[in-house]
Amino acid sequence: MDNATLAIGIDLGTTNSLIAVWQDGAAQLIPNKFGEYLTPSIISMDENKQILVGKPAAARKTSHPDKTAALFKRAMGSNTHWHLGEESFNAPELSSLVLRSLKEDAEDYLQQPIKDVVISVPAYFSDEQRKHTRLAAELAGLNAVRLINEPTAAAMAYGLHTQQNSRSLVFDLGGGTFDVTVLEYATPVIEVRASAGDNYLGGEDFTHLLLDEVLKRWNLDKSALTDSDLAALYACVEAAKCASGSPLRMNWLYQERALESTFYDDELEALWLPLLNRLRTPIEQALRDSRLKPEQIDSLVLVGGASQMPLVQRIAVRLFGKLPYQSYDPSTIVALGAATQAACRLRHEDVEEVILTDICPYSLGVEVNRQGVPGIFSPIIERNTTVPVSKVETYSTMHPEQDSICVRVYQGESHKVKNNILIDSFDVMLKPNGHIQAIDIRFSYDINGLLEVDVLLEDGKSESRIISHNATSLTTQQIDASRERLQALKIYPRDMLINRTFKAQLEEQWSRALGDEREMLGEIITDFDAALLSNDMQRVDDVRRRACEYLGIDEPKAP
Numbered sequence: 009m010d011n012a013t014l015a016i017g018i019d020l021g022t023t024n025s026l027i028a029v030w031q032d033g034a035a036q037l038i039p040n041k042f043g044e045y046l047t048p049s050i051i052s053m054d055e056n057k058q059i060l061v062g063k064p065a066a067a068r069k070t071s072h073p074d075k076t077a078a079l080f081k082r083a084m085g086s087n088t089h090w091h092l093g094e095e096s097f098n099a100p101e102l103s104s105l106v107l108r109s110l111k112e113d114a115e116d117y118l119q120q121p122i123k124d125v126v127i128s129v130p131a132y133f134s135d136e137q138r139k140h141t142r143l144a145a146e147l148a149g150l151n152a153v154r155l156i157n158e159p160t161a162a163a164m165a166y167g168l169h170t171q172q173n174s175r176s177l178v179f180d181l182g183g184g185t186f187d188v189t190v191l192e193y194a195t196p197v198i199e200v201r202a203s204a205g206d207n208y209l210g211g212e213d214f215t216h217l218l219l220d221e222v223l224k225r226w227n228l229d230k231s232a233l234t235d236s237d238l239a240a241l242y243a244c245v246e247a248a249k250c251a252s253g254s255p256l257r258m259n260w261l262y263q264e265r266a267l268e269s270t271f272y273d274d275e276l277e278a279l280w281l282p283l284l285n286r287l288r289t290p291i292e293q294a295l296r297d298s299r300l301k302p303e304q305i306d307s308l309v310l311v312g313g314a315s316q317m318p319l320v321q322r323i324a325v326r327l328f329g330k331l332p333y334q335s336y337d338p339s340t341i342v343a344l345g346a347a348t349q350a351a352c353r354l355r356h357e358d359v360e361e362v363i364l365t366d367i368c369p370y371s372l373g374v375e376v377n378r379q380g381v382p383g384i385f386s387p388i389i390e391r392n393t394t395v396p397v398s399k400v401e402t403y404s405t406m407h408p409e410q411d412s413i414c415v416r417v418y419q420g421e422s423h424k425v426k427n428n429i430l431i432d433s434f435d436v437m438l439k440p441n442g443h444i445q446a447i448d449i450r451f452s453y454d455i456n457g458l459l460e461v462d463v464l465l466e467d468g469k470s471e472s473r474i475i476s477h478n479a480t481s482l483t484t485q486q487i488d489a490s491r492e493r494l495q496a497l498k499i500y501p502r503d504m505l506i507n508r509t510f511k512a513q514l515e516e517q518w519s520r521a522l523g524d525e526r527e528m529l530g531e532i533i534t535d536f537d538a539a540l541l542s543n544d545m546q547r548v549d550d551v552r553r554r555a556c557e558y559l560g561i562d563e564p565k566a567p
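Take any residue in the sequence shown, count from 1 to its spot, add 8: that is its number in the numbering used here.
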């Protein structure tokens with residue numbers, strides 16, 4: 009397949025990321041170097057200042073928590089930094105390392121370079137968060153030709169657009185974000201009716217609440233635990249939360265104490281009630297904005313790893329009175345949908361034509377002064393308006409001698425601009441004429457995220473400003489410098505990752521073990537280190553095989 013016709017979709021997730029390709033008439037997941045589809049969205053730096061991405065980085069969360077970064081998708085759009093060794097990274101930079109790893113996996117699998125991709129984002133991602141996603145792609149050497157909202161991608165993968173005159177609600181609960189989208193289908197059109205969400209609600213929040221409750225039950229002081237102990241306990245709680253079946257049970261060995269706890273469904277529902285209530289708010293808003301009642305929804309689609317939690321599924325069924333679609337893995341469906349959208353964009357002959365309409369998920373407007381009260385938000389394009397759209401509002405100057413206005417453009421839903429997000433501002437010069445002047449401000453917003461602001465004055469003069477999702481606050485020179493710094497990082501050799509990952513797993517087990525077991529694991533780690541230093545791969549394989557036999561685990565497969 010020619011590079012120009014490669015249809016690649018990426019799900020850049022909070023917990024895991026995936027990449028897929030449209031091939032042989034269907035969207036197909038691309039395995040990573042370990043033969044797995046899910047690549048943990050985790051970055052770590054080892055003792056040799058080499059960067060580890062995905063599975064080997066995840067194995068170091070317990071043993072080296074101070075040199076490992078996770079959940080950075082939740083910081084997109086912010087100035088948060090992570091320090092790994094002597095290096096400092098922001099969220100787009102860490103995300104770019106995950107994207108680069110996915111890119112290399114795809115190029116190895118397809119045996120050709122890739123450039124253009126469709127990347128999924130939470131439907132409720134802000135303008136700045138979308139810009140940071142595009143920046144991450146650029147830093148990874150990719151061109152994000154389209155950002156598709158995750159719920160819409162899921163609907164495309166399910167082929168729901170083939171269901172004439174039907175409505176679906178996509179309930180997308182991932183590791184760090186929650187989205188609800190109402191879609192309506194009239195073949196071949198998928199129309200997004202409304203979206204709502206919470207960018208700081210996901211499976212990780214359920215884990216943290218459960219962790220705090222476990223600490224109480226076991227009478228442990230969180231501040232007294234080492235970083236490694238806390239990371240090990242977190243992994244224990246996360247594994248128990250993700251396990252199927254009821255009740256939820258967990259066991260943890262800590263300082264020669266065998267700690268156990270059992271949680272029944274009613275206990276979990278009471279514990280997680282604040283989070284479960286937060287799920288209701290976006291659902292109610294999306295239904296209200298789309299002017300629909302729960303019984304008017306024809307199908308319920310659950311997306312995201314956290315949506316597989318039994319209690320969450322029961323809540324969703326309780327709200328809508330119907331069973332959700334279950335034919336796809338909720339953890340992989342978004343990547344498949346992104347690849348399907350990429351194929352539609354390239355007009356592949358073997359993909360059904362789909363016309364995808366989208367919405368502006370946030371209200372867009374300007375700051376005004378009303379009755380002497382400053383800082384009031386005046387929406388021009390309201391949330392969930394179908395795009396492309398162009399709307400105009402008329403304002404007036406505050407006094408006859410006013411010689412300029414400052415147009416401050418905000419997005420958000422608060423009456424006060426201080427609670428919304430400033431996305432741009434610019435000054436427009438006026439010619440005082442002795443009376444109050446009328447000023448027309450027109451917002452035009454297209455499907456690519458371009459917002460054009462036109463200001464028309466009484467004297468016929470006008471001024472335009474284009475605000476793009478592609479633009480960031482960084483200069484071209486700053487982006488180039490960041491890309492060069494990331495490219496200069498030493499990435500752990502791909503052909504040695506099996507040994508790096510295995511060693512990290514041994515170190516993680518050593519951090520949790522005590523007594524004779526810890527001593528034996530220490531000897532195994534020492535033997536394995538010595539074998540690695542010898543560069544004798546037969547010796548390395550022998551030591552690894554004996555260690556797996558002793559530990560009673562399957563030997564890892566070569567990438």
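Quick reminder that beta carbons are idealized off the backbone N, C-alpha and C, glycines included. Predicted model, so just to flag it, every value in this text is computed and none were measured.
Of the candidates LEU150, ASP113 and TYR403, the residue whose Cα lies closest to the Cα of ASP124 is LEU150.
In the DSSP assignment, GLN36 is bridged to VAL29. The straight-line gap separating the alpha-carbon atoms of VAL400 and PRO130 is approximately 28 Å. Taking LEU105 as the centre and dropping the five residues before and after it, the same chain places the C-beta of ILE51 and VAL61 closer than 6 Å to its C-beta, in chain order. Look at PRO48 here: in three-state DSSP terms it is strand. In the DSSP assignment, THR189 falls within the beta strand (DSSP E) that extends over 186 to 194.
In summary, PRO282 is exposed, with fewer than 16 beta-carbon neighbours lying within 10 Å of its beta-carbon over all protein chains present.
ILE449 counts as buried, since at least 16 other C-beta atoms from the protein chains shown sit within 10 angstroms of its C-beta. Contact between ILE533 and TRP518 holds, with the beta-carbon distance rounding to 6 Å and staying under 8 Å.
Distances from the CA of PHE536 to each of GLU527, ASP549 and ASP524 were compared; the closest alpha carbon is that of ASP549. Following the DSSP letters along the chain, one finds MET406 in no beta strand (DSSP E), marked with neither H nor E. Segment contact: the segment 239 to 252 against the segment 55 to 70, three or more CB-CB distances shorter than 8 Å; contact assigned. Here the alpha carbons of ILE38 and SER335 stand approximately 19 Å from one another. If you draw a 10 Å sphere on the C-beta of CYS414, you find fewer than 16 other C-beta atoms in it, and that means exposed.
Under the three-state reduction of DSSP output, GLY380 falls in the coil class, being neither helix nor strand. In this structure, the alpha-carbon of SER371 lies about 20 Å from that of ILE447.
When the beta-carbon positions are compared, LEU438 and ASP411 come within less than 8 Å of each other. The Cβ-Cβ distance between GLY85 and SER134 falls below 8 Å. Counting C-beta pairs closer than 8 Å gives three or more between the segment 289 to 305 and the segment 185 to 201, which meets the contact rule. By the Cβ criterion, the segment 348 to 356 is not in contact with the segment 324 to 334, since fewer than three pairs of Cβ atoms, one from each stretch, lie closer than 8 Å.
For VAL342, the closest of VAL29, LEU79 and THR13 by C-alpha to C-alpha distance is VAL29.
About 7 Å separates the beta carbons of MET258 and VAL222, which is inside the 8 Å limit, making them a contact pair.
Within the segment 317 to 400, the alpha helix (DSSP H) runs of at least 4 residues that lie entirely inside it are, in chain order, 318 to 328 and 341 to 353.
The residue from LYS139, ASP74, ASP116 and TYR117 with its alpha-carbon nearest to that of SER103 is LYS139. In the three-state DSSP reduction, TYR208 falls in the coil class, being neither helix nor strand. Apart from the 5 residues on each side of it in sequence, ILE291 sits with its Cβ closer than 8 Å to the Cβ of LEU177, PHE179, VAL188, ALA204 and LEU327 in its chain, given in chain order. Counting only runs of 3 or more residues that sit fully inside the segment 68 to 137, the beta strand (DSSP E) segments are 76 to 78, 89 to 92, 95 to 98 and 124 to 129, in chain order. With contacts defined as CB atoms closer than 8 Å, LEU181 and SER25 fail to qualify as a contacting pair.
The beta carbons of PRO440 and PRO408 sit closer together than 8 Å. When only Cα atoms are considered, THR393 and ARG353 end up about 23 Å apart. Beyond the five residues adjoining it in sequence on each side, GLU136 comes within less than 7 Å, by CB distance, of GLY85 and ILE429 in the same chain, given in chain order. Cβ neighbours of GLY210 within its own chain (closer than 7 Å, five residues either side excluded): THR22, LEU181, GLY182, GLY183, GLY184, THR185, PHE186 and ALA314. For the pair LEU46 and SER339, the CB atoms are nearer than the 8 Å cut-off. The three-state secondary structure of TRP226, taken from DSSP, is coil. C-alpha of PHE510 to C-alpha of GLY329: approximately 46 Å in a straight line. When C-beta atoms of the segment 456 to 467 are compared with those of the segment 105 to 123, fewer than three pairs fall below 8 Å, so the two segments do not count as touching.
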